[in-house]
Every structure is written in structure tokens, then in C-alpha cells.
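Just below is one structure, and these are the notes that go with it.
Residue numbers (our numbering): 3 to 532.
This is how it looks when you write it as C-alpha cells:
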């Protein structure tokens, strides 16, 4: 028998029938919870919001499939390729995060079942997961939703190995870790935590087993193409991390990081800390001490390296699962049984007043007024460390189609015989990606930028007569290298992060400016071995 956190009473009469009936109900319950989690991601999105700036980048990566990108590993690009194959509609863009969120809940539920949990533990784990920050996480087409699913799967496979001792769970872990590394490099934190947990528990015997090194080798072989890509491009991972440290991570204060850990899963605040305490102090949970050590090691690494607060979201599903079993055991008898409705209501009670902060249900103007009440919680603080009118994610979902219409107006003002020699050049990947997403409707050519992976996608050498410039106005010296410079318009959406972004038409480019642009791009690409 594998170790279980819950010991259920047995009944000599009809025990097998009762057990089968209970398993069927548990399976159905888990299915309906999973389906509800998938469905809810589509129900409350206010149509005033468009895609997030990062989503446009990842969708464009699907048009440039490779074993790596300057920002992320390749998995998201494969999902983007499938999204475009299915029509690139809003439904399919949101399909992947919704699916990964639902599968995360399913793996949590299987974890609850394998640890001996019953109906209440399933309900409680499901409620805590659904009514939390994972609602926001599973809204956006980013690597994060798959990352959390995979972290939950890592813990599940480790628990199953502890229970059974079967090596197939370790081989499964190798495939899951490789997929994780090809999705997001932060999986490295989990690997360090797992190695430390093995070292400081009875599982240190793994270091003397052949299967351990087979798992390491299999993982390495599966991620080898991405490693080669990194080497061919002069390890852009480190360049990207330096940029993050300079522009974003330096603004991550310890107090904000710790406050976010409370806020993100506040509806589970009675549950996941119990799960953490159990793996350290509960006799029946003692075999799963590795889970607690991984949690502490990863937390310590992220605090020490000033990681973003949401990097920890993969740690909580397993603790919610274990904590749900703990509450199920604690509330089996007597007056404590009546705590169960309160525990189930707890996530809803905490989520309801802050739901618009978790999910974009309110239009921007209403949201700005609403969010101001929660300013002290840091919800309006952006990565620049300053407070703004909307949460940053919401501001990043506004103004994009307006921008594309202005670019289309500029493009169609250019004489038809000159359009083929017209370059659409943007300041950042959000602008270029949005124009490429909406541009087909307006018969626009591809937009380009020197920002991020778009730098590697630029045709070389560039030749152009006219430039539609999106972003900052060029200085007077560069303006002199065009026959005319005309501003067409700018983003007017008051709550957009890109508010004020202008669109200019620069006509009649002199050969000198073409050489300046190509030389600059050549130097920038040389950093990445191109």
C-alpha cells in the first residue's frame, strides 16, 4: 500500500461496491470541476480589452518557428503555429491558457485522489484553485500557464514515485522537465529545489541509482536543440536576464514580493499553509517532505535573485492539494464538520470584492476608479516601480487596433506604386505584433522592429523609399535625410500603456539613412551571432 494522508473507514458489507461507486463519483466530480475551470476563462472578458502585448509577440513567433527565441524557448511558438492554423481567432488564442489551467486542476485532483482524498478535499482544492490569481494567469497566451501545469505535474510524478518506487514516474519526470525547459527556463529553480530535497531526505539514495543519471541524460538530450540554438546565438538567455534585471527586477522589493504571495492565493490562505505545515510536521505526510523542501529552496532562490512574484505560482497547487486533505481529515467528525461550508465559501468571499482586479470584467474607465481603492496593495504598480491608472496587464490590452487603423491610414496615403518600397518600423514588439495581428484586415505588409526576436527576423539588407514609423519622433538630423516627414496620428485611448504613441510617414529616404539603419541592425544582430 502506498502512503496516504487520509485513512478512510472500511465497511465489511458492500465495501467493493461502495468503493467503486465512490471512485466513479470522484472521477465525475473531477471532470466537471475541470470543465468548469476551462469554461470560466471565456465568460467574463470585457470586449473593451484586446490581446496583451506579449500575446502578439508569441503569435508572431509562430510565423518564425525555431529552436529558440531571444525572450523564451520554443514551445510557445509551436502553440502559436497551431493557433494560426486554426484561424488565429480570440477563441484559439485563449484556448491554450484555458486548457492548461483546466489540466492543472485535473492533475491537482489526481494528486488529491492518490493521496487518499475524498469528495470534500476535491471540492476544496478545486475551489481554491479556480477562485484565485490563476484566473488571470490562465487568461493570457504566455508560457506561464503551461509552466504552472508542468510544475504541478512534477510534484505529482515525484509523489507517485515516493508512493510506488516505480522508475517510470522518474522517466515521465524527465520528459516533463524537458518540456518545461523548452517552455520557460525558470524550471531551473525547480530542478535545484528537487536536487536539494533529495539530498536532505531519505531519497538521497537516488544519487547512487543508475535511473537518476538516466533521467538527467534524457532531460539533457531532449533540450539539446535549444542549447545548440543558444550557443549559436551567443547565449541570448543571459542578455535577456540582464535586461530584465536592469528594467524590471530591480524594482521588485521583498515586501512587495511577500505581499503578493498572500494576495495571489488569498482564497487558499487557510489551505496551502496547512499543506506546507503538514509535509514538515504531520506523521502521515512525512514521506512527502521533499515537497516542502522544494518550496523553501525555490522561494529562497527567487527572493535572493529578486524574481517576479508570480514565478512562485507553480508551487501552490501541490500545497493546496495536501492542505485540502488536511482539512478533510480535520473536519470529519463533530462540530468541525460544519466548518466545511465555510472553507468552501472562503475562496469566493475573498475573490468576489477583488474579482475585477483578477479578471478584466469592468471597462477601463470603471476599472480605473475601482482599482484606485486598492492602490496600497500594489495592484497599480507597474514594472517601472510607479503607480498608474490601471493594472499593467490591463493597460497592455488597450489601444492596439486603434494603432493599426492609424498605420493603415498612413499606408494607404502612400501612392500605390511606392507601397512595395515602404517599411513599417516600430519601437517595440507589442506594436509590431499588434499590427501584424490586425494588419491582414487592413491589407498591410508585415511590420518590423529592432526589439527582441524581431531583430533576427528583419530582412537583410533593408531597402526602402518610405518609412511608416511607429513610436518616437526621430531627431532633426535624421529627419533631414527624408524629403518629407508627416505625422498621421497617435493612440488616444486614455488608459492604454501606449497612449500617445505616434505614427509618422517619412517619405523619400536618402541612401545615407538606409545605410545608417542597416549598419545599426548589423551591429545589433552581431551580438547574437547573426
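Where a beta carbon is used, it is the ideal one built from N, C-alpha and C, also for glycine. No experiment lies behind these values; they were computed from the predicted model shown.
Can the beta-carbon of residue i be found less than 8 Å from the beta-carbon of residue j?
i           : j           : result
residue 433 : residue 494 : no
residue 515 : residue 484 : yes
residue 362 : residue 7   : no
residue 400 : residue 52  : yes
residue 411 : residue 491 : yes
residue 424 : residue 466 : yes
residue 292 : residue 220 : no
residue 54  : residue 398 : yes
residue 506 : residue 489 : yes
residue 314 : residue 263 : yes
residue 209 : residue 200 : yes
residue 316 : residue 166 : no
residue 158 : residue 198 : no
residue 360 : residue 499 : no
residue 162 : residue 171 : yes
residue 56  : residue 144 : yes
residue 426 : residue 437 : yes
residue 373 : residue 343 : no
Am I right that residue i and residue j are in contact with their C-beta atoms under 8 Å? What's the rounded C-beta distance?
i           : j           : result
residue 508 : residue 460 : At roughly 17 Å, the Cβ-Cβ gap does not stay under 8 Å, so residue 508 and residue 460 are not in contact.
residue 32  : residue 121 : With 8 Å as the limit, residue 32 and residue 121 do not qualify as a contact, their Cβ atoms being about 10 Å apart.
residue 435 : residue 61  : 7 Å
residue 295 : residue 195 : 7 Å
residue 73  : residue 242 : 6 Å
residue 463 : residue 520 : 5 Å
residue 58  : residue 439 : 5 Å
residue 377 : residue 389 : 6 Å
residue 406 : residue 428 : Between residue 428 and residue 406 the Cβ distance is about 11 Å, and since that is not below 8 Å, they are no contact.
residue 104 : residue 40  : 4 Å
Label residue i either buried or exposed according to how many other C-beta atoms from any shown protein chain fall within 10 Å of its C-beta, with 16 as the threshold for buried.
i           : result
residue 107 : buried
residue 375 : exposed
residue 290 : buried
residue 414 : exposed
residue 16  : Because residue 16 carries a pLDDT of 43, less than 50, the predicted location of this residue cannot be relied on, and the following value inherits that uncertainty. Exposed.
residue 12  : For residue 12, the predicted model reports a pLDDT of 40, less than 50, meaning its position is unreliable and no value from the coordinates is stated.
residue 528 : exposed
residue 329 : buried
residue 347 : exposed
residue 63  : buried
residue 349 : buried
residue 85  : buried
residue 36  : buried
residue 223 : exposed
residue 110 : buried
residue 518 : exposed
residue 3   : Note that residue 3 scores 46 on pLDDT, short of 50, meaning its location in the model is unreliable; the coordinates nonetheless yield the value given after this. It counts as exposed.
residue 280 : buried
residue 160 : buried
residue 558 : What the structure shows of the chain is the stretch from 3 to 532, and residue 558 is not part of that stretch, so it cannot be assessed.
residue 335 : exposed
Considering only the alpha carbon of each residue, which of the options lies closest to residue i?
i           : options               : result
residue 270 : 237, 231, 322 and 280 : 322
residue 351 : 523, 268, 190 and 337 : 268
residue 1   : 40, 496, 26 and 232   : A query on residue 1 cannot be resolved here, the shown segment of the chain reaching from 3 to 532 and no further.
residue 310 : 342, 266 and 409      : 266
residue 354 : 132, 86, 73 and 62    : 132
residue 117 : 38, 426 and 320       : 320
residue 308 : 342, 244, 347 and 378 : 244
residue 468 : 298, 224, 431 and 510 : 510
residue 204 : 226, 217 and 164      : 164
residue 234 : 68, 475 and 34        : 68
residue 227 : 70, 56 and 43         : 70
residue 523 : 486, 482, 458 and 478 : 458
residue 480 : 501, 93 and 512       : 512
residue 333 : 364, 445, 372 and 119 : 119
residue 256 : 306, 385 and 168      : 306
residue 443 : 91, 214 and 230       : 91
residue 535 : 341, 312, 230 and 94  : Since the displayed the chain opens at 3 and closes at 532, residue 535 lies outside it and no answer follows.
residue 501 : 402, 34, 240 and 186  : 402
Worksheet item: Counting pairs of Cβ atoms below 8 Å between the stretch 122-135 and the stretch 79-89, do you hit three or more?
Response: no
Item to complete: Specify whether the stretch 269-277 and the stretch 177-189 touch according to this definition: at least 3 beta carbon pairs, one from each stretch, less than 8 Å apart.
Response: no
Discussion item. Using a Cβ distance threshold of 8 Å, determine whether the stretch 413-428 contacts the stretch 298-311, with at least three qualifying pairs required.
Written reply: no
Worksheet entry | Given 8 Å, three or more beta-carbon pairs between the stretch 97-112 and the stretch 146-154 | Flag = yes, the stretch 97-112 and the stretch 146-154 touch.
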